[in-house]
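Chains A and B, in that order, are what the protein sequence lines are.
The number in our numbering is simply the position in the first sequence, starting from 1, with 657 added.
The number in our numbering is simply the position in the second sequence, starting from 1, with 13 added.
Note that beta-carbon positions come from the ideal geometry of N, C-alpha and C, so glycine has one too.
The block underneath contains the structure these notes are about, expressed in structure tokens.
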Amino acid sequence: MPANPFNGFTDFGVGIGLRVPHYRHILAEKPVVSWFEIISENYMIDGGRPLHVLDQILDRYRVVQHGVSMYFGSPEPPNREHLKKLKTLVKRTQTPWLTDHLCWGSVDGTYSHDLLPMPYTFEAARHTAQKIREVRDFLEIPIAVENVSSYAEFHVSEMTEWQFLTEVVELADCGILLDVNNIYVSSRNHNFNPHDYVNAIPANRVAQIHIAGHSKFEKYILDTHDHPVIDPVWNLYARAIERTGRTATLLEWDDKIPSFEEVHNEALKANQFVADMAVTS
Amino acid sequence: MNLLEIQHRMLEAVMQPLTNDEQMQPRTPDGKSMHDVAAEFIKPNDRLSSFERLEIYNRQYWFRVLASLDEDFRGLRAIIGPRRFEALSKAYLIECPSESFTLRNLGSRLEWWLRSHPEHLQPRAGLALDMVRLEWAEIEAFDGAAEPVLVPGDVLASDPDPRFRLQPYVQLLSVHYAVDDLLVALRKDDSDSEMASNAVSERGKRTHLRKVARQKPQAIFLVVHRVDDSIYFKRIEPEAFKFLKALREGKSLSAAVMQAFEGRDIQENKLLTTVQGWFENWSSLGWFCAPNSTDQGLISASGRQS
């Protein structure tokens with residue numbers, strides 16, 4: 658299922674996140690990259706260098722937008738000014754689909770700038786799905802929601818995280834950005850089998866997959882995007898694409914960012930799993 | 014507890030300031046046990062209590078917002094020192110938490126807030142406030158809108174008194190201290206520190222700071238602008254500043270000239286030469302917008318009557 662309604666029927670391969678330390682290299686060396694993911698908020702501005710760089714990237718590469726502040730689970734309705742800026746950027750990038758997180762992060766217009774976890778309740782699922790629909794109707798492109806790493810669980814939860822994710826995407830009729838690193842991080846923090854998660858999600862809705870590294874602390878794991886991908890996460894990735902088919906895959910590396918080549922080579926390891934899957938199937 | 018109640022409680026806890034050793038406060042502002050509050054809605058696990066799980070988010074929040082302000086106001090931090098800067102940042106963020114989806118706007122109310130909290134800036138309040146204004150102007154200039162530039166072919170139409178529009182990203186700033194020179198010097202010290210020791214860099218910063226702080230306050234007129242996506246600070250004459258302010262306010266050319274030279278006894282040909290010189294210089298920097306459909310009395314180079 659590489660191409661499906663949730664990724665605009667595209668067939669993207671392995672991409673990496675567009676990050677400032679790599680601007681110069683990418684513009685000068687023009688490396689072959691299947692696609693770049695941009696953080697929408699970095700380009701929801703009126704002018705200046707970020708947009709000039711983005712336009713040069715768009716001349717040569719395919720770009721998909723990934724947001725960090727839509728907060729589908731927050732109580733307030735979508736902010737119209739935010740949506741207008743986002744739509745302007747969508748028109749500029751021609752992103753085939755748009756992703757943001759299944760989380761909340763603001764209340765009454767006060768922002769935490771964090772991806773806070775949802776209580777897994779039917780009430781929260783209905784509320785979140787309604788907001789996803791509103792945003793998709795305004796932006797007029799497919800939307801996929803990403804499972805976040807979490808460090809807390811709520812007493813009121815009525816289902817598992819993967820059941821909640823499924824409930825939301827079915828109600829909203831939207832796609833999933835399946836972050837297998839986040840699944841791994843949360844599985845360690847909350848004591849569940851990450852393969853149960855990957856095996857349970859509706860594979861036909863997976864528009865994209867995220868891979869990343871994380872940091873281990875004594876009592877929990879933190880999603881830091883500052884290391885290579887570890888083997889257990891690659892194993893989850895292998896199982897995910899076994900279920901979804903070859904799917905647009907992106908490596909996130911946001912802190913202690915190494916050279917472009919190092920990041921790109923780490924991402925391209927994903928191709929080996931795709932090749933292995935082809936051999937065994 | 015419904016979704017909204019959980020979100021209110023959690024956000025309140027997450028945004029409560031940390032203790033001095035960067036732990037979550039043991040009590041809420043109204044005196045309740047934070048352990049009890051956390052346990053009401055967050056499950057413990059076999060390694061972490063409810064309190065400790067909530068604390069992860071509490072710490073992440075403060076590390077993130079403090080780092081963002083620190084990055085945006087390095088000049089202010091250099092003036093008042095890192096410890097006082099951190100205290101100021103915490104106090105500011107408690108009273109003015111983010112109201113924007115982007116961290117870019119986190120410092121948008123800092124100048125306003127500092128005007129009613131000058132105690133954070135003493136004994137160099139004037140210098141520090143000027144620096145805050147400059148650093149915020151730089152943020153605005155960095156990613157402000159740029160419209161098509163006025164080019165020589167964009168000629169004056171029949172209206173003998175047209176209105177010229179400044180590029181939205183151009184920021185006009187009047188200060189009392191040479192914060193432009195200071196900020197450039199501080200950045201050079203930071204850049205040099207990549208090759209030399211931190212001690213050398215810090216010594217350089219203190220020297221530059223003392224030099225600017227010792228100077229007698231004077232009116233300095235700055236334009237914060239950008240060329241090829243890099244930010245520049247340009248000092249201009251008081252008359253030029255008044256002229257640009259008038260254009261920004263939407264005044265006509267003649268009204269702007271009047272405002273600029275009000276009270277000055279200047280010969281007409283000298284005035285004409287001065288204004289022409291300004292236009293040549295500023296046009297070459299791309300500060301003026303090409304005419305658009307709302308402009309009065311200008312024709313664009315493409316011949317479109319506005």
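No Cβ of chain B is located within less than 9 angstroms of the beta carbon of residue 819 of chain A. The beta carbon of residue 808 of chain A sits closer than 7 angstroms to the beta carbons of 846 and 877 from its chain, once the five residues preceding and following it are set aside; these are given in chain order. Going by beta carbons, residue 905 of chain A and residue 934 of chain A fall outside the 9 angstroms limit. Between residue 30 of chain B and residue 765 of chain A, the alpha-carbon positions lie close to 19 angstroms from each other. Here residue 797 of chain A carries a coil assignment [DSSP, helix/strand/coil].
CA-CA distance, residue 202 of chain B to residue 87 of chain B, rounds to 12 angstroms. Where residue 88 of chain B is concerned, there is no enclosing beta strand (DSSP E), although the alpha helix (DSSP H) around it starts and stops at 87–93. By a beta-carbon distance limit of 8 angstroms, residue 691 of chain A does not contact residue 663 of chain A. Their separation comes to about 18 angstroms. Scanning its chain for C-beta atoms nearer than 8 angstroms, with the 5 sequence neighbours on each side dropped, one finds around residue 926 of chain A the residues 886 and 891, in chain order. Close to residue 69 of chain B, with beta-carbon spacing below 8 angstroms, are these residues of chain A in chain order: 808, 809, 877 and 879. Shown in chain order are the members of the stretch 76–108 of chain B whose Cβ falls below 9 angstroms from a Cβ of chain A: 77, 78 and 81. Proximity of chain A to residue 182 of chain B at the Cβ level (cut-off 9 angstroms) is accounted for by 703, 704 and 705, in chain order. The stretch 769–778 of chain A makes contact with the stretch 804–819 of chain A; the number of CB pairs closer than 8 angstroms reaches 3 or more.
In the displayed model, residue 692 of chain A falls within coil according to three-state DSSP, outside both helix and strand. Within chain B, the residues placing a beta-carbon under 9 angstroms from that of residue 698 of chain A are 114, 115, 116 and 117, ordered along the chain. Closest in alpha carbon position to residue 46 of chain B, among B:204, B:180 and B:26, is B:26.
At least one CB of chain B lies nearer than 9 angstroms to the CB of residue 708 of chain A.
Taken atom to atom, the span from the alpha-carbon of residue 75 of chain B to that of residue 659 of chain A is near 40 angstroms. If you draw a straight line from the Cα of residue 727 of chain A to the Cα of residue 705 of chain A, it comes to about 23 angstroms. If you draw a 10 Å sphere on the C-beta of residue 200 of chain B, you find fewer than 16 other C-beta atoms in it, and that means exposed. Note on residue 115 of chain B: 16 or more other CB atoms within 10 angstroms of its CB, so buried under the neighbour-count rule.
When secondary structure is reduced to three states using DSSP, residue 725 of chain A falls in the coil class, being assigned neither helix nor strand. Under a 10 Å Cβ-count criterion, residue 193 of chain B is classified as buried, with 16 or more other Cβ atoms of the shown protein chains found around its own Cβ. The beta carbon of residue 279 of chain B does not come within 9 angstroms of any beta carbon belonging to chain A, so the residue lies off that interface. In this structure residue 760 of chain A is in contact with residue 805 of chain A, their Cβ atoms being roughly 5 angstroms apart against a cut-off of 8 angstroms. Secondary structure note for residue 852 of chain A: its alpha helix (DSSP H) is the uninterrupted segment 851–857. By the neighbour-count criterion, in which a residue is buried when 16 or more other Cβ atoms sit within 10 angstroms of its Cβ, residue 756 of chain A is buried. Along the length of the stretch 96–137 of chain B, whole beta strand (DSSP E) runs at least 3 residues long do not occur.
Excluding residues up to 5 positions away in sequence, 101, 133, 134, 137 and 141 lie with their Cβ nearer than 8 angstroms to the Cβ of residue 93 of chain B in the same chain. Taking a cut-off of 8 angstroms on C-beta distances, the stretch 847–866 of chain A touches the stretch 832–839 of chain A, as three or more cross pairs fall below it. Residue environment for residue 267 of chain B: exposed (fewer than 16 other C-beta atoms within 10 angstroms of its C-beta). For residue 884 of chain A, there is no enclosing beta strand (DSSP E), as DSSP gives it neither H nor E. By a beta-carbon distance limit of 8 angstroms, residue 191 of chain B contacts residue 228 of chain B. Their separation comes to about 6 angstroms. Here residue 150 of chain B has 184, 186 and 237 as same chain residues with Cβ atoms under 6 angstroms from its own Cβ, once five neighbours each way along the sequence are excluded. Residue range 47–54 is occupied by the alpha helix (DSSP H) that includes residue 53 of chain B. Looking only at B:119, B:58 and B:54, the smallest Cα-Cα distance to residue 80 of chain B is reached by B:119.
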